[in-house]
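Numbering (the working numbering), first residue to last: 311 to 423.
Working notes, structure below.
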Amino acid sequence: MADSHEAPAHAHGAHHGPTFNIYLTVFVALCFFTAMSFVVNLAEHTMGFGALLGMAIIMLVAVCKATLVTMYFMHVKYDWSKLFFIIIPVVILAIMMMIVLMPDIVVGWHHPD
């Protein structure tokens, strides 16, 4: 008989992370997208595919791959609340750094050496 103090497996606060099947699915999707990039590049060079269209397709595929890697392998999908507290201070510091360095950038090039 189970102890009454044990929490059920799907209780509030239980860790919900990626499973091995999700990792395999993402891996197969990344392989497919990589193959798609090679096929588009080959079609661009052999069949006279438009260079601009080929580049646009390859960039779209790269964005999809980067999104998959970020969401699953960097655990952004599951740890967004923790990541949120890291991103906000970095954005504030980046804005402050731009403001602090602005006088050097704007005024600095007006003065002769």
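Glycine included, C-beta positions come from ideal geometry on N, C-alpha and C.
Which term fits residue i, buried or exposed, when burial requires 16 or more other beta carbons within 10 angstroms of its beta carbon?
i: residue 333; result: exposed
i: residue 400; result: exposed
i: residue 440; result: Nothing in the structure corresponds to residue 440, since the chain is present only between 311 and 423.
i: residue 416; result: exposed
i: residue 350; result: buried
i: residue 404; result: exposed
If you compare alpha carbons, which of the options is closest to residue i?
i: residue 370; options: 347, 385, 388 and 416; result: 347
i: residue 340; options: 359, 357, 328 and 373; result: 373
i: residue 328; options: 382, 407 and 394; result: 382
i: residue 335; options: 378, 355 and 358; result: 378
How far does the alpha helix (DSSP H) with residue i in it reach, from first residue to last?
i: residue 359; result: Unbroken run through residue 359: none, as it is neither H nor E.
Do residue i and residue j have their C-beta atoms within less than 7 Å of each other?
i: residue 375; j: residue 343; result: yes
Is there a Cβ of chain D sitting closer than 7 Å to that of residue i, yes or no?
i: residue 352; result: Looking for chain D here will not work: only one protein chain is present.
The stretch 359-373 contacting the stretch 400-414, beta-carbon criterion three pairs below 8 Å: no
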